[in-house]
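Per this note's numbering, the very first residue in the sequence shown carries number 8; after that it's consecutive. The beta carbon of each residue, even a glycine, is placed where N, CA and C say it ideally should be. Heads up: the structure comes next, in structure tokens.
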Amino acid sequence: MVHIVIPFRPSNPKSRLADYLSEGERQRLAVCMLKDVLSAVRDYPTSVLASELPADLRDEIEPFADLIVDPRPLDEAVNAVLQPETAVIMSDLPLINRKIVKGFVETEGDVVIAPGRKGGTNMLLVRIPFRVSYHYGSFLKHVKMAKKAGAKVSVYDSFFASVDIDTYDDLLEVMLHGRGETKRFLSELGFRIVMEKEPRLIREV
Ligand SMILES: Nc1nc2c(ncn2[C@@H]2O[C@H](COP(=O)(O)OP(=O)(O)OP(=O)(O)O)[C@@H](O)[C@H]2O)c(=O)[nH]1
Ligand SMILES: C[C@H](OP(=O)(O)O)C(=O)O
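This is the structure in structure tokens:
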């Protein structure tokens with residue numbers, strides 16, 4: 008069975024949202040998104056690969072996944088645990104669900120990628136030895152690396168899996184499509200959708 012690894016950095020998360028959310032709000036948002044991802048992968052053995060893990064967070068996550076703490080940068084930490092039949096699923100994908108994860112892990116290919124918008128790698132499944140190289144257009148890098156290794160590459164096409172939460176505009180997608188803890192948290196913070204020619208996100212204070 009595929010083993011799932013979820014990288015997670017709790018310190019100063021989602022810095023691209025710093026103009027809209029306090030650091031405390033961003034930390035809570037990151038945990039809510041992680042918990043929504045953990046709910047989506049609950050049919051598979053899962054490890055959360057955390058850069059650090061304060062005790063309160065450890066207690067919150069432990070019931071749902073094994074915990075690996077590795078302070079090294081993302082690529083190093085993931086490559087240290089990556090082996091065939093591993094799926095790396097990012098912790099900032101609050102719209103994925105069990106059906107999407109099942110379809111992803113059952114997709115044929117030596118390397119299966121669910122791309123993020125703007126060139127990211129939101130979910131990666133490897134059935135061969137492989138090393139990741141995140142950020143800076145990682146989707147194209149990973150496809151090139153896999154093809155250079157002679158691997159069969161499959162792209163898993165999923166809108167919900169493509170929505171990683173990085174910028175203010177991404178929050179609108181959560182309010183439109185979310186059904187879990189992340190949407191509930193943003194609603195508690197006062198975020199609302201204004202139905203105009205294009206739906207618009209506002210925050211009522
Ligand atoms: N274990 C581990 N996870 C990381 C690290 N950096 C990012 N992540 C996780 O990888 C996922 C995607 O990374 P980013 O989108 O860059 O997340 P982020 O660093 O919180 O966002 P920004 O501050 O906007 O770059 C997020 O779910 C992070 O929690 C790291 O150094 N170690
Ligand atoms: C982890 C990284 O996320 P991004 O920086 O694209 O949001 C990536 O997908 O390569």
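Where do the ends of the alpha helix (DSSP H) carrying residue i lie?
i: HIS184; result: 175-184
i: ILE107; result: 105-112
i: GLY123; result: It is not in any alpha helix (DSSP H) - GLY123 instead sits in the beta strand (DSSP E) that spans 118-123.
i: VAL38; result: 30-47
i: HIS149; result: 145-155
i: ILE68; result: 62-68
i: VAL85; result: 81-88
i: SER165; result: Counting along the chain, SER165 falls outside any alpha helix (DSSP H), and DSSP gives it neither H nor E.
Might you give, ordered along the chain, the residues of its own chain that have their beta carbon closer than 6 Å to the beta carbon of residue i, omitting 5 neighbours on each side?
i: ASN273; result: This structure cannot speak to residue 273, because the chain is shown only from 8 to 212.
i: SER58; result: ARG16, PRO78
i: MET202; result: none
i: VAL150; result: VAL160
On the criterion of 16 or more Cβ atoms from any shown chain inside 10 Å, does residue i qualify as buried, or is it exposed?
i: LYS190; result: buried
i: HIS142; result: exposed
i: VAL76; result: exposed
i: SER98; result: buried
Which stretch, first to last residue, makes up the beta strand (DSSP E) that contains residue i?
i: LEU56; result: 53-57
i: GLY197; result: It is not in any beta strand (DSSP E) - GLY197 carries neither H nor E in the DSSP assignment.
i: ASP73; result: 73-76
i: VAL15; result: In the sequence on display, residue 15 carries Phe and not Val. Residues 10-15.
i: ALA25; result: From DSSP, ALA25 is part of no beta strand (DSSP E); its letter is neither H nor E.
From residue i to residue j, what does the alpha carbon distance come to, in whole angstroms?
i: VAL133; j: GLU92; result: 6 Å
i: ILE172; j: LEU183; result: 13 Å
i: ARG65; j: LYS42; result: 12 Å
i: ILE209; j: LYS155; result: 46 Å
i: LEU179; j: VAL38; result: 18 Å
i: GLY127; j: PHE166; result: 13 Å
i: SER18; j: PHE192; result: 19 Å
i: ASN71; j: THR53; result: What sits at residue 71 in the sequence shown is Phe, not Asn. Going by the C-alpha atoms only, they are around 8 Å apart.
i: LEU147; j: VAL112; result: 20 Å
i: VAL214; j: LYS204; result: It is not possible to answer for residue 214, since the shown part of the chain is limited to 8 through 212.
i: GLN34; j: LYS125; result: 24 Å
i: GLY187; j: ALA87; result: 31 Å
Cutting at 7 Å between CB atoms, please list the residues of its own chain near residue i, excluding the five before and the five after it.
i: ILE96; result: ILE11, ILE13, VAL44, VAL48, MET130
i: GLU32; result: LEU196
I believe residue i touches residue j by the beta-carbon criterion, under 8 Å. Please report the beta-carbon distance rounded to the nearest angstrom.
i: VAL85; j: VAL139; result: 5 Å
i: TYR51; j: TYR175; result: At roughly 32 Å, the Cβ-Cβ gap does not stay under 8 Å, so TYR51 and TYR175 are not in contact.
i: LEU81; j: VAL170; result: The Cβ separation is near 19 Å, so there is no contact.
i: ALA121; j: ILE135; result: Not a contact, Cβ separation roughly 18 Å.
i: GLU115; j: SER161; result: 6 Å
Take residue i and list the residues in its own chain whose beta-carbon comes closer than 8 Å to its own, dropping the five residues that flank it on each side.
i: ARG199; result: MET182, LEU208, ILE209, ARG210, GLU211
i: LEU60; result: PRO17, ILE68, LEU74, VAL76
Beta-carbon of residue i versus every beta-carbon of chain C: anything under 7 Å?
i: ASP63; result: Absent from the structure is chain C; it holds one protein chain and no more.
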